[in-house]
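These notes are about the structure you will find just below.
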Amino acid sequence: MDPADAQDLRESIDFLKQICVTHDQQLRELGSALQGFMQRAAQNPSTSAVATPVASPAPSTEMEPAPVVVSSREPHLMPPARFSGEPGHCHSFLTQCGIIFQLQPSFFPTEVAKVAYVISLLSGPALQWATAEWENQTPHCMSFSAFSGELRKIFDSAS
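Residue numbers (full-length UniProt numbering): 1 to 159.
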């Protein structure tokens, strides 16, 4: 194996490891947020618009690996820092996301994938807002441009 190919492979593996760590953390945070929402809904059913959850089968402990296509022409980029809605940071956060989408198009083949990625990098009030938007399947969740416009309206003090 060519040393340059080996280095590309190592960088790709490191990048995928980081994505897995990030996704694990995000899933834990989303689970905690969902648990909090469910507890609040259970404590105040008269004002809750949340439907009673239906029992679903336990998730499988086996995970099938998702096919990953890594192009050596796409640079390895770290995800931007999480955005919680703090004033003055929305524009730079969305710019960093846009750069990633432009330089790594194979990772984000659809507009919905881009929106989901952005949501996965949110925390605090921004995540609470985006979670509600995603769960309500609002139209701006179908396009990165529309979603980023809404995010800017709410969280970018410069807009």
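The C-beta atom is built at its ideal place from N, Cα and C for all residues, glycine as well.
(message) Here's the rule I'm using: 16 or more other beta-carbon atoms within 10 Å means buried, otherwise exposed. How should residue 120 be labelled?
(response) Along the sequence shown, read from residue 1 onward, the residue named residue 120 stands at position 120. If you draw a 10 Å sphere on the C-beta of residue 120, you find 16 or more other C-beta atoms in it, and that means buried.
(request) May I ask you to report which of helix, strand or coil DSSP gives residue 108? (result) Within the sequence shown, the letter at position 108 stands for residue 108. In this structure, residue 108 counts as coil in the three-state DSSP scheme.
(message) Spatial neighbours of residue 141 within its chain, please: C-beta separation below 8 Å, excluding the five flanking residues on both sides.
(response) Along the sequence shown, one-based indexing puts residue 141 at 141. If the five residues before and after residue 141 are omitted, its C-beta is found closer than 8 Å to the C-beta atoms of 112, 115, 133, 134, 147, all from its own chain and listed in chain order.
(message) Measuring only the C-alpha atoms, how far is residue 54 from residue 118?
(response) Counted from its first residue, the sequence shown places residue 54 at position 54. Counted from its first residue, the sequence shown places residue 118 at position 118. For residue 54, the pLDDT reaches just 48, beneath the cut-off of 50, and the residue's location in the model is therefore unreliable, leaving the point undetermined.
(request) Taking residue 26 as the reference, give the member of 38, 82, 76, 129 with the closest Cα. (result) In the sequence shown, residue 26 corresponds to position 26, counting from 1. Selected option, being the one with the closest Cα: 82.
(message) Checking the sheet assignment: what are the DSSP bridge partners for residue 179?
(response) Residue 179 falls outside the range modelled here, since the chain spans only 1 to 159, and no answer is possible.
(message) I'd like the span of the alpha helix (DSSP H) that includes residue 73, first residue to last.
(response) Counting from one through the sequence shown, the residue named residue 73 turns up at place 73. Taken as a continuous stretch (DSSP letters only), residue 73 belongs to no alpha helix (DSSP H), as it is neither H nor E.
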